[in-house]
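Participant: Pasting a structure below so you can have a look.
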Amino acid sequence: MKPDDIVYFKEIHTALYGKEGGSYTYYFKPGDRYKIVSIQTVDGFFESKTGVIENLEDGTKHFGTSTIFSKLATVQEWRDLTINKLIES
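Converting from the sequence shown to the numbering used here requires adding 5 to each position, the first position being numbered 1.
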């Protein structure tokens, strides 16, 4: 995956964000399109990734770590997952 790639979440992912007066939960949903704005790989004992993704449905940008990037599917992977679900049902 690289900047400007369109990606999808393979499963629902939630993140808790702080804001003035409290916090809120943001839901990353399969089916929503996201764009990778930036991505960096840090090599070391454990390879890790950090970066920014943008939800193309609502325009929000989110900082992500390896946890989020491991749940993303490229457009082709998303198509394959969707086709397989249709075949199975």
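C-beta: ideal position from N, C-alpha, C; glycine also.
1) With distance defined between alpha-carbon atoms, name the residue in Lys15, Thr30, Gly23 and Lys54 nearest to Gly36.
2) Is the beta carbon of Leu86 less than 8 Å from the beta carbon of Val12?
3) For Phe33, count neighbouring C-beta atoms within 10 Å of its own C-beta (all shown protein chains included) and say buried if the count is 16 or more, exposed if not.
4) Please work out which residues of its chain come closer than 6 Å, Cβ to Cβ, to Lys66, disregarding the five sequence neighbours upstream and downstream, and give them in chain order.
5) What would DSSP say about Glu3, mapped onto helix, strand or coil?
Facilitator: Looking at the atomic coordinates:
1) Counting from one through the sequence shown, the residue named residue 36 turns up at place 31. Looking at the Cα atoms, Lys15 is the closest of the given residues.
2) Within the sequence shown, the letter at position 81 stands for residue 86. Within the sequence shown, the letter at position 7 stands for residue 12. Going by C-beta atoms, Leu86 is not nearer than 8 Å to Val12.
3) Locating residue 33 in the sequence shown gives position 28, counting from the first residue. With 16 or more Cβ atoms within 10 Å of its Cβ, Phe33 is classed as buried.
4) Working through the sequence shown from its first residue, we reach residue 66 at position 61. Excluding positions up to five away in sequence, the list reads Val57 and Glu59.
5) A question about residue 3 goes unanswered here, because the residues of the chain that appear run from 6 up to 94.
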